[in-house]
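There are 2 protein chains.
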Amino acid sequence: MLPKPVICIIGAGAVGGYYGARLAQHGNDVHFLLRSDFDAVRRNGWKVKSCDGDFTLAAGESHVYDDPRKMPKADLVIVTLKTTANDQFEPLIRPLVKEDTAILTLQNGLGSEERLAELFGKQHILGGMAFTCINRLGPGVIHHMAEGWVRIGEFGGGPSPRASRIAELFISSRIECKVLDNLRRGRWEKLSWNIPFNGLGAVMDLTTDRLIGTEEGVAMVLAIIQEVAEAARLLGAAIPEDLPRRHIEKTRLMGAYQTSMQIDRREGRLMEVEAILGEPLRQGTGAGAKMPRLSVIHEMARAVDAASGKRE
Amino acid sequence: MLPKPVICIIGAGAVGGYYGARLAQHGNDVHFLLRSDFDAVRRNGWKVKSCDGDFTLAAGESHVYDDPRKMPKADLVIVTLKTTANDQFEPLIRPLVKEDTAILTLQNGLGSEERLAELFGKQHILGGMAFTCINRLGPGVIHHMAEGWVRIGEFGGGPSPRASRIAELFISSRIECKVLDNLRRGRWEKLSWNIPFNGLGAVMDLTTDRLIGTEEGVAMVLAIIQEVAEAARLLGAAIPEDLPRRHIEKTRLMGAYQTSMQIDRREGRLMEVEAILGEPLRQGTGAGAKMPRLSVIHEMARAVDAASGKRE
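Quick note, the sequences are listed as chains A and B, same order.
Letter 62 of the first sequence, counting from 1, is numbered 61 in numbering that gives the first Met the number 0, and no numbers are missing.
Letter 173 of the second sequence, counting from 1, is numbered 172 in numbering that gives the first Met the number 0, and no numbers are missing.
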């Protein structure tokens with residue numbers, strides 16, 4: 000039998016903690032890099048309340064670290080840092096990388112794969128998206144409320160045996176996962192929700208139900224999605240024509256939902272402004288798209304962050 | 000001795016109540032149109048706490064009405080309605096107008112003089128601005144905290160004996176007042192503060208100190224003022240070059256100030272979106288100005304209003 004791959008989770012907040020713990024629960028060799036939660040998780044392990052079944056990992060059942068230099072070289076690095084910490088890629092990830100390490104970023108927005116490729120080489124990099132509704136209730140305590148599926152793809156594009164093997168790791172850990180032929184299209188599809196709802200919700204401080212509870216709000220959300228769709232099209236990552244309508248319908252079912260950026264704003268934390276707004280704006284306008292609304296929302300989000308955001 | 004002019008105050012909230020009561024205090028013949036406060040003011044009169052001296056008008060000392068059809072024909076109508084009630088000009092003002100009635104609007108933003116001129120004839124109309132920090136504490140109870148000066152001008156432009164006589168009414172009631180040669184320039188100077196601070200403050204729900212407490216915020220405020228300045232210039236109402244700097248300096252002294260639009264938003268009332276944002280946007284872009292930020296802020300303000308504003 001082949002040895003189990005060494006999996007390192009960098010940034011074990013709610014998303015990293017959940018997926019890492021699921022993988023470990025199903026017998027994978029998972030190593031977590033933690034920061035503020037390190038002591039608590041080393042002492043108490045993980046406790047996951049999940050719509051797909053609660054479970055715990057006792058203290059001895061997971062490998063936790065407070066320093067990446069103490070971690071083993073990885074076959075697979077899963078990056079779930081908040082993108083506002085992307086300036087830490089070099090010190091956090093370099094110690095884990097060997098010749099054939101696969102680095103999979105499940106972070107929000109655009110720009111993380113590019114940055115990782117610059118630092119570690121394009122051939123190492125995959126990206127993906129976690130579609131999940133999940134909260135960290137405390138150190139090592141995670142509440143997974145809904146969804147949970149993952150889409151991954153090669154940064155270089157196209158299918159690959161490696162991507163399929165990684166998907167199989169997720170699937171055998173009871174996490175629904177598929178490999179995308181076109182990671183960029185997947186990213187832009189997700190952005191076409193995140194930009195209007197995270198962006199507007201944060202700068203206007205409105206929950207999703209109030210944002211689309213009126214004709215004026217729906218018109219503005221749809222106008223922003225059109226800007227994003229045009230950018231995606233010009234970048235060769237066209238999104239489906241019926242996606243705007245589906246976004247509105249799906250979001251109506253979510254009730255008074257606070258997006259991650261709105262929560263960050265309300266809690267005085269830095270928002271993921273550049274990954275979710277700035278980088279899509281730069282790539283879109285660079286390709287010739289007109290994005291007047293996104294441009295102003297980006298300015299506003301920077302101003303909100305400066306006024307209220309703190310380095311965590 | 001000539002008879003005293005009949006002065007009718009339409010919309011006696013904080014601003015209308017204060018200036019009307021000051022005029023009455025100094026012996027002018029003032030008639031107030033009230034709505035929700037009618038019963039209380041008829042019973043208790045006016046009580047004004049003012050940085051320029053407290054005073055009261057007993058119940059018998061002021062003429063109050065709940066129906067404009069019961070009021071006398073006016074020599075001077077002073078309009079201090081919230082601009083969101085401008086669709087009520089016809090029923091509220093028509094009963095007061097005779098051949099030589101002067102109608103002075105002290106309302107915020109742009110568009111009120113034009114609308115009044117359409118309804119009652121351009122020759123009747125003057126406009127002005129009240130620079131004051133004032134609150135309504137309860138029915139007939141007003142707190143005047145700072146400033147209080149007034150600028151007025153003919154809608155048709157230029158000085159006039161009539162404008163001078165109205166200014167004299169204010170001055171002899173201890174209200175600092177000057178006649179503007181160019182009312183439009185005065186309006187655009189005030190808009191160059193109101194648009195960034197009211198507009199951004201309301202859509203982002205930030206007090207003035209947080210808005211200009213950071214480089215990013217100041218940059219955005221200045222960029223918006225530049226849009227307004229360019230519109231004003233193209234409309235022949237150029238504002239002084241050092242005004243943006245003075246706005247920032249003056250606003251720093253105001254501390255954690257909530258603009259009227261931010262207060263309206265927080266209290267779930269309609270904001271003065273069209274007078275302060277929409278009409279300047281239409282006039283500015285109509286004259287060829289590029290106003291990308293104002294355009295988006297206007298959309299956002301309409302969405303906030305739709306989501307939270309109620310007809311008062």
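Idealized CB from N, CA, C, for every residue including glycine.
In this text the structure is predicted, and so the values were computed from the model without any measurement.
Residue i versus the options, residue with shortest Cα-Cα distance
i: A:THR55; options: A:ALA116, A:ILE77, A:HIS142 and A:MET128; result: A:HIS142
i: A:LEU210; options: B:LEU95, B:ALA13, B:VAL217 and B:VAL202; result: B:VAL202
i: A:LYS72; options: A:GLY139, A:PRO291, A:ILE6 and A:LEU234; result: A:ILE6
i: A:ALA11; options: A:THR131, A:VAL63 and A:ARG42; result: A:VAL63
i: A:ARG164; options: A:ASN134, A:VAL178 and A:ASP263; result: A:VAL178
i: A:PHE119; options: A:GLY235, A:GLU273, A:VAL96 and A:SER191; result: A:VAL96
i: B:ILE238; options: B:THR131, B:LEU205 and B:ARG183; result: B:ARG183
i: B:LEU125; options: B:LEU136, B:GLY139, B:ASN134 and B:VAL149; result: B:VAL149
i: A:VAL40; options: A:HIS123, A:ASP241 and A:VAL140; result: A:VAL140
i: B:GLN261; options: B:THR207, B:LEU105 and B:PRO279; result: B:THR207
i: A:PHE196; options: A:VAL220, A:PHE37 and A:ASN181; result: A:VAL220
i: A:ALA305; options: A:PHE130, A:MET270, A:ALA218 and A:GLY287; result: A:MET270
i: B:SER172; options: B:ARG21, B:PHE154, B:LYS289 and B:GLN282; result: B:ARG21
i: B:GLY156; options: B:GLY285, B:GLY235 and B:THR284; result: B:GLY235
i: A:THR213; options: B:THR82, B:GLU298 and B:SER111; result: B:GLU298
Counted within 10 angstroms of its Cβ, other Cβ atoms place residue i as buried (16 or more) or exposed
i: B:GLN24; result: buried
i: B:GLY52; result: exposed
i: A:LEU252; result: exposed
i: A:PRO243; result: buried
i: B:LEU136; result: exposed
i: A:GLU331; result: There is simply no residue 331 of chain A to check, as chain A begins at 0 and stops at 311 in what is shown.
i: A:PRO90; result: exposed
i: B:ARG245; result: exposed
i: A:PRO160; result: exposed
i: A:SER35; result: exposed
i: A:ASP180; result: exposed
C-alpha gap between residue i and residue j, whole angstroms
i: B:ALA222; j: A:SER294; result: 13 angstroms
i: B:LYS3; j: B:ASN27; result: 7 angstroms
i: A:PHE169; j: A:ILE247; result: 29 angstroms
i: A:ILE92; j: A:VAL76; result: 8 angstroms
i: B:GLU229; j: A:GLN257; result: 38 angstroms
i: B:LEU115; j: B:LEU233; result: 24 angstroms
i: B:ASN43; j: B:ALA57; result: 7 angstroms
i: B:THR79; j: B:LYS46; result: 18 angstroms
i: B:LEU205; j: B:ASP86; result: 30 angstroms
i: B:GLU175; j: B:GLU266; result: 32 angstroms
i: B:GLN122; j: A:GLU278; result: 55 angstroms
i: B:GLY287; j: B:ASP65; result: 44 angstroms
i: B:ILE9; j: B:GLY254; result: 32 angstroms
i: B:ILE194; j: B:THR100; result: 32 angstroms
i: B:LEU280; j: B:TYR18; result: 30 angstroms
i: A:VAL29; j: A:PHE37; result: 15 angstroms
i: A:ILE224; j: B:SER307; result: 23 angstroms
i: A:ASP263; j: A:GLU273; result: 14 angstroms
i: B:ARG268; j: B:ALA13; result: 16 angstroms
i: B:PHE31; j: A:SER191; result: 53 angstroms
Residue i, DSSP secondary structure in three states
i: B:LEU269; result: coil
i: A:GLY127; result: strand
i: B:SER49; result: strand
i: B:HIS62; result: strand
i: A:THR104; result: strand
i: A:MET253; result: coil
i: A:ASN134; result: strand
i: B:ILE211; result: coil
i: B:LEU205; result: coil
i: A:PHE31; result: strand
i: B:ALA286; result: coil
i: B:PHE154; result: coil
i: B:LEU234; result: coil
i: B:HIS246; result: helix
i: A:LEU293; result: helix
i: A:ALA228; result: helix
i: A:GLY147; result: strand
i: B:ILE77; result: strand
i: B:LEU56; result: strand
Contact belief for residue i with residue j at Cβ below 8 angstroms, rounded distance in angstroms
i: B:ALA162; j: B:GLY147; result: About 19 angstroms separates the two Cβ atoms, so there is no contact after all.
i: A:ARG301; j: B:GLU215; result: 5 angstroms
i: B:ILE275; j: B:GLY16; result: The pair is not a contact, with the Cβ atoms about 21 angstroms apart (cut-off 8 angstroms).
i: B:MET128; j: B:GLY185; result: 6 angstroms
i: A:ARG292; j: A:GLU226; result: 6 angstroms
i: B:GLY198; j: B:ILE296; result: 5 angstroms
Beta-carbon neighbours of residue i, restricted to chain E and to distances below 8 angstroms
i: B:MET203; result: Although the question refers to chain E, the structure presented lacks it and instead comprises the protein chains A and B.
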